[in-house]
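One structure is given below, encoded as structure tokens.
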Amino acid sequence: MTQKTPSQPKLPPTSAIDKVTRAEFDNWFEYPIRVQPHHTDYAGIVWHGTYLTWMEEARVECLRSIGIEFADLVALGCDLPVVELSVRYHRSLQLGMMALVKTRMLEVTGVRINWDYKIVSTDDQELYVTAQVTLVALDRERGKIMRQLPPAVKDALAKISASNK
171 MTQKTPSQPK LPPTSAIDKV TRAEFDNWFE YPIRVQPHHT DYAGIVWHGT
221 YLTWMEEARV ECLRSIGIEF ADLVALGCDL PVVELSVRYH RSLQLGMMAL
271 VKTRMLEVTG VRINWDYKIV STDDQELYVT AQVTLVALDR ERGKIMRQLP
321 PAVKDALAKI SASNK
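Just so we're aligned, residue 171 is where the sequence shown starts under this note's numbering, counting upward by one.
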């Protein structure tokens, strides 16, 4: 009887990218949310940190929508922590409201991956939040920033580029 060894996650092969420009990512991924009681303060207004959670969920779901599981990227030895965050709060959301978290990848430069966000009403008439997030590739084992993106991560990001054309 032979024992199976757990296989390492694999991403679908695509051509690797060196630099992705903003023009290649004009399409927004939309992630619907509904404000629940645990998202709010005692006045029923969404707590500011909740927006960050929604943005991360949208980014992870954007990757999943094209067949890339974030857990697989991490299992490949590459973590993608947030190193920079800029948020502008335009209007507050309140308990029971629905909205769309829209996200897209702006560009990849070296090991830095920039994402753009906006949270809008479901009819796209109200703007609640705009934000930009920068992730950096981190070697999980060494705990240090990588010099370049691993090929599997480059391939995954190239797949996002191909899906937006």
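Every residue gets a Cβ at the ideal spot worked out from N, C-alpha and C, and that includes glycine.
- Under the three-state reduction of DSSP output, Y298 falls in the strand class.
- Runs of the beta strand (DSSP E) lying entirely within the region 193-246 and spanning at least 3 residues, in chain order: 199-204.
- A straight-line Cα-Cα distance of about 16 Å links E239 and F199.
- Counting C-beta atoms within 10 angstroms of its own C-beta, K314 has fewer than 16 neighbours from the protein chains shown and is therefore classed as exposed.
- For R312, there is no enclosing beta strand (DSSP E), since its DSSP letter is neither H nor E.
- When beta bridges are read from the DSSP output, L276 appears opposite no residue.
- For Y287, the CB contacts under 6 Å within the same chain, skipping 5 residues up- and downstream, are M225, T273, A301 in chain order.
- By the 16-neighbour rule on beta-carbons within 10 angstroms, M275 is buried.
- Rounded to whole angstroms, the gap between the alpha carbons of M268 and I203 is 6 Å.
- By the neighbour-count criterion, in which a residue is buried when 16 or more other Cβ atoms sit within 10 angstroms of its Cβ, L297 is exposed.
- Bounds of the beta strand (DSSP E) holding D286 are 282-291.
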